[in-house]
Every structure is written in structure tokens, then in C-alpha cells.
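Report on one structure; see the data block that follows.
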Amino acid sequence: MKKTFLNKWHFMRYFRIAIALFCFYTAYEQNQWVFIPFGIFFLFQAIFNLGCGGNCKY
Numbered sequence: 003m004k005k006t007f008l009n010k011w012h013f014m015r016y017f018r019i020a021i022a023l024f025c026f027y028t029a030y031e032q033n034q035w036v037f038i039p040f041g042i043f044f045l046f047q048a049i050f051n052l053g054c055g056g057n058c059k060y
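3 is the number of the first residue of the sequence shown in the working numbering; add one for each residue after it.
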């Protein structure tokens with residue numbers, strides 16, 4: 003698990019962290035607590051490098 007967290011950082015992982023931080027900031031600043039689960043979801047995806055798993059269809 004440590005290897006998953008520390009390796010292969012790319013644009014999408016940074017982007018997911020940015021979205022998570024934005025959701026947490028919005029939840030705190032505007033008292034819109036519905037954004038907390040979205041922030042947790044994106045943070046989880048960024049930390050564990052999860053996404054659609056290559057199963058996306060165009």
C-alpha cells in the first residue's frame with residue numbers, strides 16, 4: 003500500500019486532490035456540508051490511485 007501511495011504521481015492524481023481540497027473548502031466556507039462526501043471520494047481516489055480502471059467507453 004505504501005508503494006501505491008508513493009509511486010506514479012501524475013496529472014490526474016494531482017487534479018483529484020485539487021478537487022477534493024476545493025470540495026472541503028466549499029463545505030467549510032459556505033456551510034454546504036453536502037460537499038464533504040464528494041471531497042472524501044476524490045481524496046480516496048487520489049490517495050489509492052483509483053479511477054475507472056480503463057473501463058471507460060467513449
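Even for Gly, the Cβ is constructed at its ideal location relative to N, Cα and C.
Cβ neighbour criterion (16 or more within 10 Å) applied to residue i
{"i": "phenylalanine 44", "result": "buried"}
{"i": "cysteine 25", "result": "buried"}
{"i": "glycine 55", "result": "exposed"}
Element boundaries [alpha helix (DSSP H), containing residue i]
{"i": "glutamine 47", "result": "37–50"}
{"i": "cysteine 25", "result": "13–31"}
Under 7 Å between C-beta atoms of residue i and residue j
{"i": "alanine 29", "j": "isoleucine 38", "result": "yes"}
{"i": "glycine 41", "j": "alanine 20", "result": "no"}
Expected contact under 8 Å - CB spacing of residue i and residue j to nearest Å
{"i": "asparagine 51", "j": "lysine 10", "result": "6 Å"}
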